[in-house]
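Each protein sequence line maps, in turn, to chains A and B.
Per my numbering, numbering of the first sequence is gapless, rising by one per residue and ending at 302.
Per my numbering, numbering of the second sequence is gapless, rising by one per residue and ending at 344.
Take a look at the structure set out below.
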Amino acid sequence: MPAGIISPMTHPHPRLHPWLWLIMLLGACAAPVANPTSPTTPLTIENKGSDTMVNLALAWAEAYERTHPDVSLSVTGGGSGTGIAALINNTVDVANASRAIKKEEKEKAEANGLAPVEFVVARDAIAIIIHPDNPVNQLTLAQLSAMYSGQMTNWREVGGEDRPLVLLSRETNSGTHVYFLENVLRLGQKENKTLFSPATLLLPSSEGISAEVRQNPNAIGYDGLGYVTDDMKVVAVAKDEASPYVLPTIATVNDKSYPVARDLYMYTSVEPAGAIKDYLDWIFSPEAQTIVAELGFVPVK
Amino acid sequence: MRLTPNRMNNSIPSNRNWLELILESLIRASGYSAILFVALILIFLLREGLPALGEVPPAAFAEARWYPIEAHFGLLPLIGGSLIVTLGATLIAVPFGLATAIFIAEIAPRWAREILKPLVEVLGGLPSVVLGFLGMLVLAPIVRTTLNTPTGLTAFTGSLLLAGMAIPTLVSVAEDALDAVPKSYRDAALALGATKWQTIWRVTLPAARSGVLTAIMLGIGRAIGETMTVMMVTGNAARLPDGLGSLFLPVRTMTATIAAEMGEVANGSVHYHVLFTIGLTLFVIAFIVNLTASAVVFQQRKRAERLLS
């Protein structure tokens, strides 16, 4: 119970989350937030959020620092919610999120005197991944929903071998989890209250899902296309039985024929200016968007 | 471990002794601070966790589903998960750890003993995240193929690793307790014609009982509170365990739930308070385990004192 041990000593304000306070404290010690009034010191842009986007944000930061030695970028992951929470507390300059900001999060930010601005910086397709030896090649969204809600428990029911079905998912705090719940399990229907089967394994990292899919022929998992490697098999997905089965590629995501794809966002706490504005402008440049494609995501331009 | 300072010297403060007076009060203060910290932690947990009892009807805690982002706050799968992993770890760690301690203390030759004990203690210093990775990448596939379970990420995998983490603590403390048994006990037993095994089982082990029990409790404490390893290898499926078969299926423990969800929960929300209620539950369980252990040890000591007087 780390929060319980730390918090009695470092809990100055009853509404502030103890861990956020600790993060702020560490942030204050380790990396001072950019100070736009003193151009002589190198500017630091704090960038935090979605784990799906962390590799992309790091690659962008490295490329940008090469051409702009006066700017330094500090990139950390932690999840979309963590990034937006840090944005609300004004401890980051740019928050990465694999989902749009929620209404209540926006209201909280506004209550703190901020006005978050949204940028769609890339697109991401969620790939359905299985063990290479699994003979199943294609699934419909309805089949995926039935599998993940626990109505199906054997691979036989979708034309596979007689094997138990092991469902893998990201933790509930992952933007990918919420996206998958709303768009695959509930098929995008707002009134649909289907839940993940209680037998679903919630793994804390993308690596956890990849490791299990690589070695277990019973497993089915989902993860960002950027995390798929050659040693697992990607399943073609169809919107319904009448639609074609489509594999996720840059082309199929951009023409919107692959049904499980989403936008990736960056949020600034206020209308960007100065170094932060320059950085965001650069992200939409051909150079930055090439990096998007190199990492398996889908460029917006 | 009670400090017995020289009270005669302290009653007549002299230049030589006022330093000792300061040291003594410092030591006393640090001793009492342990009570203060436990009290502070309890107060904090109560303050953050009790509001949940007003926000969530008690029946909702007894629900079989944990899915906090849709306001399903059933604690039973989590409590069951923690208990089944800890039970498994105890069943593995206690016999194995005790056997190792007995071997080191009673049977192994001096040179082997001098190598074994430090080695076991080094094992206890392994960071849990390293063990977790090892478990995820090496142990889980072995568990799946040898036991033919649907997945290798099971409560049993967690139990194996937790046993591995509890054993060094258990061995170290139990070995010290066995070592502290006076040699005359063993000599007497052997002189009465007992075999080596009879001496260990009937004389040495009962004589060291309170220390051995402390060792077991420390081991269990390590197992039930461990977070990182179980989060990585037990699969974290909030499935209500229904019998011993669940040992070979994925589970979600209380500690893993707090660790996985606390980082992102909105401060002051119902979910936030419920996570502290889980913390409170863990605190109470740990408290009961420790209280039971010290009660048992205390009773045995009283009995031993009666016998000796």
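No residue lacks a Cβ here, since even glycine has one placed at the ideal position from N, Cα and C.
Coil, strand or helix - residue i by DSSP
i      : result
A212/B : helix
I295/B : Just to set this straight, residue 295/B is Ala in the shown sequence, not Ile. In this structure, A295/B counts as helix in the three-state DSSP scheme.
K231/B : helix
A301/B : coil
R263/A : strand
F120/A : strand
E90/B  : helix
N155/A : strand
K257/A : coil
A64/B  : helix
V238/A : strand
G78/A  : coil
P165/A : strand
Q335/B : helix
Y102/B : strand
Q216/A : helix
G280/B : helix
Residue-level contact to chain A via CB, residue i, 8 angstroms cutoff
i      : result
R257/B : no
P276/B : no
N325/B : no
E141/B : no
V271/B : The amino acid at residue 271/B is misidentified as Val; the sequence shows Asn. Yes, because at least one Cβ of chain A sits closer than 8 angstroms to the Cβ of N271/B.
G298/B : yes
Y67/B  : no
A295/B : yes
E59/B  : no
R63/B  : no
R179/B : yes
I251/B : no
P185/B : yes
N45/B  : In this prediction, N45/B scores a pLDDT of 49, lower than 50, which makes its location untrustworthy; the coordinate-derived value is nonetheless stated afterwards. No, its Cβ sits nowhere closer than 8 angstroms to a Cβ of chain A.
E261/B : no
I119/B : no
I104/B : yes
P144/B : no
Spatially closest choice to residue i from the options, by CA coordinates
i      : options                        : result
T204/B : E156/B, V73/B, S60/B           : E156/B
I259/B : A198/B, M171/B, L166/B         : A198/B
Y307/B : W283/A, G209/A, F298/A, N174/A : N174/A
V254/A : V301/A, M148/A, V93/A          : V301/A
L126/B : M252/B, S65/B, A294/B          : M252/B
P245/A : S75/A, S258/A, K234/A, I251/A  : S258/A
G278/B : P112/B, A224/B, G254/B         : P112/B
Straight-line Cα distance separating residue j from residue i
i      : j      : result
A97/B  : E296/B : 20 angstroms
E55/B  : L204/A : 55 angstroms
Y102/B : L196/A : 8 angstroms
V216/B : I177/B : 41 angstroms
L317/B : D224/A : 33 angstroms
V300/B : P165/A : 33 angstroms
G91/A  : E106/A : Per the sequence shown, the amino acid found at residue 91/A is Asn instead of Gly. So the two alpha carbons sit approximately 13 angstroms from each other.
M54/A  : Q335/B : 59 angstroms
L354/B : S304/B : The structure shown does not extend to residue 354/B, since chain B is modelled only from 36 through 344, so no value can be given for it.
A190/B : V120/B : 5 angstroms
A140/B : T234/B : 13 angstroms
L168/A : Q190/A : 22 angstroms
I46/A  : F285/A : 17 angstroms
A62/A  : T77/A  : 11 angstroms
K337/B : R287/B : 41 angstroms
I85/A  : F311/B : 23 angstroms
T269/B : G80/A  : 22 angstroms
G66/B  : L58/B  : 12 angstroms
V93/A  : N48/A  : 6 angstroms
I320/B : A330/B : 15 angstroms
T137/B : L213/B : Reading off the sequence, residue 137/B comes out as Ile, not Thr. Roughly 7 angstroms separates the two Cα atoms.
R282/B : E66/A  : Looking at the sequence shown, residue 282/B is not Arg but Leu. Looking at the two C-alpha atoms, the distance is approximately 51 angstroms.
Chain B within 8 angstroms of residue i, Cβ atoms only
i      : result
E213/A : yes
E162/A : no
E108/A : no
A112/A : no
Q216/A : yes
T230/A : no
L26/A  : With a pLDDT of only 47 at L26/A, under 50, the local geometry of the prediction cannot be trusted, and no value is derived from it.
Notebook entry, point to check: Going along the segment 178 to 206 of chain A in order, which residues come within less than 9 angstroms of chain B, judged by CB to CB distance?
Noted result: H178, V179, L182, K194, L196, F197, S198, P199, A200, T201, L202, L203, L204, P205, S206
Checklist line | Near-chain B residues of the segment 70 to 101 of chain A (beta-carbon distance less than 9 angstroms), N- to C-terminal order | finding: Those residues of the segment 70 to 101 of chain A placed with their C-beta closer than 9 angstroms to a C-beta in chain B are G79, G80, S81, G82, T83, A86, ordered along the chain.
Check: Listed in chain order, which residues of the segment 187 to 213 of chain B have Cβ atoms closer than 9 angstroms to some Cβ of chain D?
Finding: Among the protein chains of the structure shown, namely A and B, there is no chain D.
Next item on the list: Please list the residues of the segment 75 to 102 of chain B that have a C-beta atom closer than 7 angstroms to any C-beta atom in chain A, keeping them in chain order.
Entry: L75, I76, F79, L80, R100, Y102
Notebook entry, point to check: Given a limit of 8 angstroms on CB to CB distance, which residues of the segment 157 to 180 of chain B reach chain A?
Noted result: M171, L172, A175, P176, R179
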